[in-house]
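Engineer: Protein sequence lines correspond, in order, to chains Z and S.
FYI, the numbering for the first sequence is 61 to 246, going by this note's numbering.
FYI, the numbering for the second sequence is 130 to 297, going by this note's numbering.
Quick reminder that beta carbons are idealized off the backbone N, C-alpha and C, glycines included.
Remember, it's a predicted structure, so these values are computed and weren't measured experimentally.
What follows is a structure written as structure tokens; I'll ask about it next.
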Amino acid sequence: MPKRRPKAAAAIAMPAADPVPDAASLDELDRRIVLATQDGLPLVARPYAALAEQIGCDEAALREHLARMLESGRIRRIGVVPNHYAIGYTANGMSVWNIDDAVIDAVGERVGALEFVTHCYRRPRHLPDWPYNLFAMVHAASRDAALVRVAEIVALLEREFRGACKGRDVLFSAGILKKTGLRIGV
Amino acid sequence: MSERLDAGAARGRRGVAAAREPDALDRRLINALQGGFPLSATPFADVAATLGLDEAEVIARIRAMLDDRVLTRFGPMFQIERMGGAFCLAAMAVPEAEWGAVVEAVNAFAEVAHNYRREHRLNMWFVLATERPEGIADVARRIEAATGLPVRLFPKEREYFVEMKLEA
């Protein structure tokens, strides 16, 4: 393996000062909030007061800003993220499907609506050895249970989109190697 | 930078398995807190009142679950794409003989948010998160340079469904 360069790799290339803030870039307060909560919310009785003090703004303004970030989807939600293994979801199967491009979106919407599918995306194929364009994550208490669910997807495709699926695979997780979540400005 | 990176590396070495199983009360808290944490002045007290617990107990429970890695995070979940950044799924085919070194090299990148081993020829699957969309290709190139292995990128072309809540 070539020599690693963790130092060069660790920092995201980011100008110290962006003279032309564009609408799509991180708002300054958004950015300070992301940076201050990368390791989570403070575990104190008044977490927003603590956070406001840390980033140098008013607590009420901060809470209002967080509400706006939730409304606009810049924050998906605020809460806990359980370790899936610890709460019994020991089988995490990434099911991947080679779906006819003509019906991929209809299939994606349908598969994504199944209650046991936690994430469902269309992604590019990497031909010739990766023909799959639909990813549907299935969590279950065992591999057998996950495979039963994958079989339900097979049956659904057969029933409603006959001939659209040209192949599939399930990639089970054999271990979490890292789960730190988003890190910016490190 | 180095502190956070060192902490990440330490986590990588120790693994991320939970130290224990959550008990019944932990599970109640997990189910109640996967979203909708109040934006009030005293959110833990509000959560406690809803669940018939007391504020200090809720705080102590969350802290203990984080310490024992029953929880991997408590706080806001950001959707970086809505803030001008990008997420991208990526995969590599890592030879078994190089596995440990490649895990260490890949995990050392702050842009690697999650990393999973999966049973496939493409045996390492990770999520890259960057502040700018163009940062994805850049970090992928740097990971290739650090490991000597090609990185395949699987950007999402369309999101049909995302729901990360799981009943405990």
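(1) Would DSSP call S/R271 helix, strand or coil?
(2) Looking at chain S, is there any beta carbon in it that lies within less than 8 angstroms of the beta carbon of Z/I135?
(3) By the 10 Å Cβ neighbour count, where 16 or more other Cβ atoms means buried, how is Z/G116 classified, buried or exposed?
(4) May I have a chain-ordered list of the alpha helix (DSSP H) segments no shorter than 4 residues that lie completely inside the stretch 106-193 of chain Z?
(5) Tell me whether Z/P142 is buried or exposed, calling it buried when 16 or more other Cβ atoms sit within 10 Å of its Cβ.
(6) Where are the beta strand (DSSP E) runs, 3 residues long or more, that stay fully inside the stretch 218-274 of chain S, in chain order?
(7) Should the stretch 150-164 of chain S be regarded as contacting the stretch 179-197 of chain S, the criterion being three or more beta carbon pairs within less than 8 angstroms?
(8) If we count the other Cβ atoms within 10 Å of its Cβ and call it buried at 16 or more, is Z/A83 buried or exposed?
(9) May I ask you to report which of helix, strand or coil DSSP gives S/A177?
(10) Quick one: which residues of the stretch 122-147 of chain Z get their C-beta closer than 7 angstroms to a C-beta of chain S? List them in chain order.
(11) Chain S beta carbons: is any one of them nearer than 8 angstroms to that of Z/P81?
(12) Report back the beta-carbon spacing between S/R281 and S/A219 to the nearest angstrom; my notes put them in contact at under 8 angstroms.
(13) Just by C-beta distance, which residues in the stretch 210-231 of chain Z are closer than 8 angstroms to chain S?
(14) Alpha carbon to alpha carbon, how far is S/V223 from S/V231?
(15) Can you tell me the Cα-Cα spacing of S/A148 and Z/D229, whole angstroms?
(16) What is the C-beta distance between S/T171 and Z/A105, in whole angstroms, given that I count them as a contact (C-beta under 8 angstroms)?
(17) Does S/T201 get closer than 8 angstroms to chain Z when you measure Cβ to Cβ?
(18) When you compare the CB of S/G164 with every CB in chain Z, is at least one pair closer than 8 angstroms?
(19) Opposite Z/S233 in the DSSP bridges: which residues?
(20) Under 7 angstroms Cβ-Cβ, which residues of chain Z neighbour S/T171?
(21) Looking at C-beta atoms only, is the number of pairs between the stretch 133-140 of chain Z and the stretch 162-179 of chain S that lie closer than 8 angstroms three or more?
(22) How is S/E150 classed by DSSP in three states: helix, strand or coil?
(23) Around the C-beta of S/T201, are 16 or more other C-beta atoms found within 10 angstroms, so that it is buried, or is it exposed?
(24) Contact defined as beta carbons within less than 8 angstroms: I believe S/P151 pairs with Z/A146. What is the distance between those atoms, to the nearest angstrom?
(25) Work out the CA separation of Z/A112 and S/N244 for me, nearest whole Å.
(26) Going straight from the alpha carbon of S/T259 to that of S/E273, what length do you get?
(27) Quick one: which residues of the stretch 219-232 of chain S get their C-beta closer than 8 angstroms to a C-beta of chain Z? List them in chain order.
(28) Could you check what DSSP says for Z/V198 in three-state terms: helix, strand or coil?
(29) Counting C-beta neighbours from all protein chains within 10 Å, is the total for S/K285 16 or more, i.e. buried, or is it exposed?
Structural biologist: In this structure, then:
(1) helix
(2) yes
(3) exposed
(4) 107-115, 119-132, 164-172
(5) buried
(6) 241-247, 253-259
(7) yes
(8) Here Z/A83 scores only 43 on pLDDT, less than 50, and its place in the model should not be relied on; the value that follows carries that caveat. Exposed is the call here.
(9) helix
(10) R123, L126, A127, S132, G133, R134, I135, R136, R137, I138, G139, V140, V141, P142, N143, H144, Y145, A146, I147
(11) Summary for Z/P81: the model assigns pLDDT 38, below 50, so the residue's position carries little reliability, and this model does not support an answer.
(12) 6 angstroms
(13) D229, L231
(14) 7 angstroms
(15) 32 angstroms
(16) 6 angstroms
(17) yes
(18) yes
(19) S/R247
(20) A105, R106
(21) yes
(22) coil
(23) buried
(24) 6 angstroms
(25) 32 angstroms
(26) 17 angstroms
(27) E227, A230, V231, V232
(28) strand
(29) buried
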